[in-house]
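S.K.:
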Amino acid sequence: MNTTCCKPTTPQTEAPKAPAKSRPTVPRHHLGTLPENAGWELRVELPGVSKDALKITLEKGELTIEASRSGAIPENWRPVGAASVPSDYRLDLSLREDLIASDEVTASLENGILNLRFPSRREVQPRVVPVN
């Protein structure tokens, strides 16, 4: 199965060195397939973002990921580079509703990486036909 399940609806840009006031940054992301063509996995880089500052919506085939990094640094830490710059992120993707089981989508956030899994709809998944 070599079918694409989604496409970006916002252009990819590099993370800003200073806070962007006008428009959120489009985070780096990678889309891959799950083993045995069971669906797709989307990995999104959201450094410094907590679960509380993350909002994911999926409506009528449109996936929106919004997140913000406050820039707050623990007292005993020293910032390096632009790591402490507050930033807003937004990623918009159009999904193929005919390929994805949208009620089975899962998400997890760990170490600044958001993982979303989009299982294939059952009727789209390949199956082995036994020969008698």
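Note that our numbering has the sequence shown beginning at 48, numbered continuously upward.
From the three backbone atoms N, C-alpha and C, an ideal C-beta is built for every residue, glycine too.
Strictly by DSSP, which residues pair up with ILE103?
M.R.: What you label residue 103 is simply residue 56 of the sequence shown in a count that begins at 1. DSSP output for ILE103 lists ILE112 as bridge partner(s).
S.K.: Tell me the rounded alpha-carbon separation between ASP150 and ARG125.
M.R.: Position 103 of the sequence shown, counting from 1, holds the residue named residue 150. Position 78 of the sequence shown, counting from 1, holds the residue named residue 125. In a straight line, the C-alpha of ASP150 is about 43 Å away from that of ARG125.
S.K.: Would you report the Cα separation of THR104 and THR153, rounded to the nearest angstrom?
M.R.: Taking the sequence shown and counting its residues from 1, one reaches residue 104 at position 57. Taking the sequence shown and counting its residues from 1, one reaches residue 153 at position 106. Approximately 12 Å, taken between the alpha carbons.
S.K.: So what does ILE120 bridge to, in DSSP terms?
M.R.: In the sequence shown, the residue the question calls residue 120 occupies position 73. According to DSSP, which records beta bridges pairwise, ILE120 is partnered with nothing at all.
S.K.: Which residue from LYS102, ARG75, PRO94 and GLY86 puts its Cα closest to that of ARG164?
M.R.: Mapped onto the sequence shown, residue 164 falls at position 117. Looking at the Cα atoms, GLY86 is the closest of the given residues.
S.K.: Smallest Cα separation from ARG70: which of SER97, VAL96, LYS98 and SER115?
M.R.: The sequence position of residue 70 within the sequence shown is 23, counting from 1. Nearest option by C-alpha distance: SER115.
S.K.: Figure out for me which residue from ARG90, SER97 and SER155 has the closest Cα to the Cα of SER134.
M.R.: Your numbering for residue 134 matches position 87 in the sequence shown. Comparing Cα positions, the closest option is SER97.
S.K.: Could you check the C-alpha separation between SER141 and GLY79 for me, to the nearest Å?
M.R.: As a first step, residue 141 must be located in the sequence shown, where it is residue number 94. As a first step, residue 79 must be located in the sequence shown, where it is residue number 32. Approximately 16 Å between the Cα atoms of the pair.
S.K.: In the structure shown, what three-state DSSP assignment does GLU157 receive?
M.R.: Mapped onto the sequence shown, residue 157 falls at position 110. Strand, per DSSP.
S.K.: Specify the secondary structure class of ASP139 as computed by DSSP and reduced to three states.
M.R.: Mapped onto the sequence shown, residue 139 falls at position 92. It is a strand residue.
S.K.: To the nearest angstrom, how far is it from the Cα of GLY108 to the Cα of ASN123?
M.R.: Your numbering for residue 108 matches position 61 in the sequence shown. Your numbering for residue 123 matches position 76 in the sequence shown. Taking the straight line joining both Cα atoms gives about 44 Å.
S.K.: Expressed to the nearest angstrom, what Euclidean distance is found between the alpha-carbon atoms of ILE160 and VAL178?
M.R.: Reading the sequence shown from its first residue, position 113 is the one you call residue 160. Reading the sequence shown from its first residue, position 131 is the one you call residue 178. Near 43 Å, if we compare the C-alpha coordinates of VAL178 and ILE160.
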